[in-house]
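Q: In the working numbering, the protein residues as written are 106 to 422.
We treat Cβ as the ideally placed atom computed from N, Cα and C, and that holds for glycine.
Since the structure is predicted, the reported quantities are computational estimates derived from the model, not experimental observations.
Take this structure first; my questions come after.
See the structure below:
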């Protein structure tokens, strides 16, 4: 049987609705959560992401502001901006959009963000809170993955989970969240021996490697849940055929869009996995929408933690 599709857009909308209700309740008490986004230079992809974050803030009632230093901004200038945001009481969440220009010390800038306002969850203090199961701010994409699993009633405790990719942003925190939820977790990377064999053990397989269609049917145990974190732009016609040739009858619209636009978005999971997995997140419309939804949740959580209010659980918890 074809895989069950895990609708990330629907789940993201549920979370936004829950967070908007919290924002409304806070506003009635005279408090409005605030989010500041720092976007350096003119990276088209980053500009799209930031517009999405600002729009989401407006939709749920969070105050937001955008800071746009030029491409030539120095590490010292960005540190000064981050420190200024740290000291503004009306700003509860502060994030620096990555990537930063090559001449900027990105780690130094991210380290300067107040951990209490670190809504990206990247600061070592929040990483430490996650690893020791203390309350902190969790990276948005991994947190969104857990929401998908919970809200789709996919068991985690006692399951074997494999995470392909060991990035600080997705792979490592996703593995820690799964471990904290009592899964048995394996993290794979470029030096893993027999990667397909390791992946086939997984009841829950998370693909976060950044290579279009790398996870083929041979990597997946029949009936497994597959979470595709990848977002890869395919522009080569031969690559498009490699990915979709077997399913062109089911992807006629995608093929037409590819022919018109010259590109398509593809995850790290090959489309053939749809025929093997028990459940699968699509690209687009899977994990992606959860990232911004969880950013909104983190902003409200940061506001409540900073102001000494009760932090609500999401409906899935």
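Rounded to the nearest angstrom, what separates residue 205 and residue 149 at their Cα positions?
A: Each residue's Cα considered, the two are about 13 Å apart.
Q: Going by Cα to Cα distance, which pick from 147, 146, 199 is closest to residue 170?
A: Selected option, being the one with the closest Cα: 199.
Q: In angstroms with no decimal places, state the Cα-to-Cα distance between residue 338 and residue 292.
A: For residue 338 and residue 292, the distance between alpha carbons rounds to 25 Å.
Q: Between the alpha carbons of residue 360 and residue 190, how many angstroms are there, rounded?
A: When rounded, the distance between both Cα atoms is 46 Å.
Q: Of all the beta strand (DSSP E) runs that stay within the bounds of the region 351 to 415, which reach a length of 3 or more residues?
A: Those beta strand (DSSP E) runs which fall completely within the region 351 to 415 and span 3+ residues are 369 to 371.
Q: Going by alpha carbons, who is nearest to residue 387 out of 153, 351, 334, 127?
A: Nearest option by C-alpha distance: 334.
Q: Quick check on the DSSP output: what are the complete beta strand (DSSP E) runs of length 3 or more inside the region 253 to 334, in order along the chain?
A: Listed in chain order, they are 265 to 269, 289 to 293, 309 to 312, 330 to 333.
Q: How close, in whole Å, do the beta carbons of residue 165 and residue 128 come, if the pair is a contact with beta carbons under 8 Å?
A: Residue 165 to residue 128, Cβ: 5 Å. Contact.
Q: Out of 267, 287, 282, 336, state which residue places its alpha-carbon closest to the alpha-carbon of residue 326.
A: Considering only alpha carbons, the answer is 267.
Q: State buried or exposed for residue 367, treating a residue as buried only when at least 16 other CB atoms are found within 10 Å of its CB.
A: With fewer than 16 other Cβ atoms within 10 Å, it is exposed.
Q: Please name the residue in 286, 269, 247, 310 whose C-alpha comes closest to that of residue 297.
A: Nearest C-alpha to residue 297: 269.
Q: Could you check the C-alpha separation between residue 249 and residue 342 for me, to the nearest Å?
A: Roughly 32 Å separates the two Cα atoms.
Q: Tell me, to the nearest whole angstrom, how far the beta carbon of residue 215 is from that of residue 227; I am working on the premise that it is less than 8 Å.
A: Contact holds; Cβ gap of about 5 Å.
Q: Does the Cβ-Cβ distance between residue 423 and residue 230 come in under 8 Å?
A: With the chain covering only 106 through 422, there is no way to say anything about residue 423.
Q: Going by CA-CA distance only, name the one from 167, 158, 157, 146 that's closest to residue 179.
A: Ranking the options by Cα distance to residue 179, first place goes to 146.
Q: Look up residue 110 in the DSSP assignment and give the residues it is bridged to.
A: Its beta-bridge partners are 385.
Q: Which same chain residues, not among the five before or five after residue 280, have their C-beta less than 6 Å away from its C-beta?
A: Counting only Cβ-Cβ distances below 6 Å, and skipping sequence neighbours, we find 268, 290, 292.
Q: Taking residue 247 as the reference, give the member of 413, 394, 408, 407 with the closest Cα.
A: Measuring from the Cα of residue 247, the nearest candidate turns out to be 394.
Q: For residue 177, count neighbouring C-beta atoms within 10 Å of its own C-beta (all shown protein chains included) and say buried if the count is 16 or more, exposed if not.
A: It counts as exposed.
Q: Going by the CB atoms, is the gap between residue 107 and residue 197 shorter than 8 Å?
A: In this structure, residue 107 does not lie closer than 8 Å to residue 197 by Cβ.
Q: Measure the Cβ-Cβ separation of residue 384 and residue 120 and say whether it is below 8 Å.
A: Result no, Cβ atoms of residue 384 and residue 120 do not sit closer than 8 Å.
Q: Can the beta-carbon of residue 113 be found less than 8 Å from the beta-carbon of residue 261?
A: Contact: no.
Q: Does the separation of the CB atoms of residue 142 and residue 160 fall below 8 Å?
A: No, Cβ-Cβ distance for residue 142 and residue 160 is not below 8 Å.
Q: Between 251, 373, 329, 364, which has its C-alpha nearest residue 116's C-alpha?
A: The shortest Cα separation from residue 116 among 251, 373, 329, 364 belongs to 251.
Q: So for residue 215, helix, strand or coil by DSSP?
A: The answer is helix: DSSP assigns residue 215 an H, G or I state.
Q: Quick one: what's residue 171 bridged to in DSSP?
A: BP columns for residue 171 point to 142.
Q: Would you check if the distance between the CB atom of residue 329 and the CB atom of residue 382 is smaller than 8 Å?
A: Going by C-beta atoms, residue 329 is nearer than 8 Å to residue 382.
Q: Candidates 357, 283, 378: which alpha carbon is nearest residue 369's?
A: Answer by Cα proximity: 357.
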